[in-house]
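J.: If you scroll down you'll find the structure; I have some questions about it.
Residue numbers (the numbering used here): 5 to 348.
See the structure below:
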C-alpha cells in the first residue's frame, strides 16, 4: 500500500480545519477537530494522525520505502486489531472501542460467574481491608491463559467512565444483553473503581489492585491505556510480530490524546517535556499506555527488563518515547506482512 486516498483525505481534512480565518482562535479550531475525531471520524483520525506522524519522522526521505511501510501499517492496524469504535454522542467523550470483541466476550461461558466474582472480591477486600488482585483473579478464571485474561479486562472494563461502557453497549442497535447480566456487569464495573475514605483523614484507600505487579504512583486507575495496549500487543505477538509492537501501539492509541490534551504539541510533532502540576494527571494518564505493552513484552520476550524501562520512562516520558518512536519509524520492517485475515 502506498500513500493512499485515505491519507490524502485525512490531510485535506486537517488542512481545512486548521487553515481557518485569522479571527478564529486555537480553541475553536481544536473544538471542531475534536468533535469530528470523537464522532463519525474517529477511525479516519486514528489512521490519519499516525500517518502524519510517519511523515514527520521521514522529512528527509519523503518518498522512501520505509515511509510507505509506515503509512501502510497505520492503516492496516485498525483492521488487523479489530479496533471498531462506536462514535461518541454529542457532548460525550468516552467511547466503546471493541464493539465486536465485546459481543464475543459477553457471550463466553462462565462470564456471569466471573463478573460476580469481581464484585464479591471487591466487597471482601473492603471488609477485610486487604487487596483484591484483579489480574490474578482473572488469570485464574481463564485457567492461566494470559491472552484471554488480558482480553477480558481490556474489553469488559474498557471505558474510563464506570457507567458509560454498560450503557453505551446496551444502546447500540443489535447489541443484546439480558437485564440480569447487564446488572451483574454494571456491579463489576463499578466495583473495579471502589475507594474508601479513611475516617477523619479524607485519604483514599484503594482496595482493588488493578495492574499485575506494577502498581506505582505513575499509573492511574484507567484501564483504557494499560490493558488496551497490552492486549493489542499480545494479539500482534500471537500473529508472529516482534517486540516493535510494544513501541508502535501506544502511538496508535495515544496520538490524538497527545495532540488534544498535552501542551506544546502539533500534528507533526511530539509533546515536549513539561513540569506544570496541572498536567501531571494527564501525563500519568498517558504513561500507562506505554507501560502496558512493555510489561507484556517483558513477560514473553527478551527485551530490556521492564523495571529498567519503567524508570527511564517515568523520569522523562516525552524524551524516552521520542527516541523510541524515532527508532521504530525509521525501520518498521516487522510489520511488512500484516495479514488482516488472521484473527487470533
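We put the beta carbon where it would ideally sit given N, CA and C, even for glycine.
Out of 121, 144, 109, state which residue places its alpha-carbon closest to the alpha-carbon of residue 180.
T.: Among 121, 144, 109, the Cα nearest to that of residue 180 is on 109.
J.: Rounded to whole angstroms, what is the Cα-Cα separation between residue 194 and residue 242?
T.: 31 Å
J.: Take residue 152 and list the residues in its own chain whose beta-carbon comes closer than 7 Å to its own, dropping the five residues that flank it on each side.
T.: Here the set comprises 146.
J.: With distances taken between CB atoms, is the gap from residue 123 to residue 191 smaller than 7 Å?
T.: A contact, by the Cβ cut-off of 7 Å.
J.: Taking all protein chains shown into account, decide if residue 158 is buried (16 or more other Cβ within 10 angstroms of its Cβ) or exposed.
T.: buried
J.: In or out: residue 216 buried (at least 16 other Cβ within 10 Å) or exposed?
T.: Classification of residue 216: buried, given that the 10 Å Cβ count is 16 or more.
J.: Determine the DSSP secondary structure at residue 304, reduced to helix, strand or coil.
T.: DSSP places residue 304 in the helix class (H, G or I) of the three-state scheme.
J.: From the DSSP output, in three-state form, read off residue 4 for me.
T.: The requested residue 4 does not occur in the structure, where the chain is confined to residues 5 to 348.
J.: Roughly how many angstroms lie between the CA atoms of residue 26 and residue 52, to the nearest whole one?
T.: Low confidence applies to residue 26: its pLDDT is 44, below 50, so where it sits in the model is not reliable enough to give any reading.
J.: Look at the Cβ atom of residue 133, then the Cβ atom of residue 185, and state whether they are nearer than 7 Å.
T.: no
J.: Write down the C-beta distance between residue 154 and residue 231 rounded to the nearest angstrom, noting that I regard them as a contact closer than 8 Å.
T.: 6 Å
J.: Which residue from 131, 86, 120, 48 puts its Cα closest to that of residue 105?
T.: Closest by C-alpha distance to residue 105, out of 131, 86, 120, 48, is 86.
J.: Measuring straight from C-alpha to C-alpha, what distance separates residue 170 and residue 304?
T.: 32 Å
J.: For residue 137, name the three-state secondary structure that DSSP assigns.
T.: Of the three classes helix, strand and coil, the one that applies to residue 137 here is strand, per DSSP.
J.: Report the three-state DSSP secondary structure of residue 277 (helix, strand or coil).
T.: With a pLDDT of 48 at residue 277, under the threshold of 50, the predicted position of this residue should be treated as unreliable, though the coordinate-derived value follows. Here residue 277 sits in coil by DSSP.
J.: Measuring straight from C-alpha to C-alpha, what distance separates residue 111 and residue 156?
T.: Across the structure, residue 111 and residue 156 are spaced so that their CA atoms are roughly 12 Å apart.
J.: As a quick exercise: from 48, 107, 136, pick the residue whose alpha carbon is nearest that of residue 121.
T.: 136
J.: For the alpha helix (DSSP H) containing residue 121, name the first residue and the last one.
T.: From DSSP, the alpha helix (DSSP H) with residue 121 extends over 115-132.
J.: For my contact list, residue 173 and residue 100 are in at a C-beta cut-off of 8 Å; report their separation, rounded to the angstrom.
T.: Contact flag correct, Cβ pair sits at about 6 Å.
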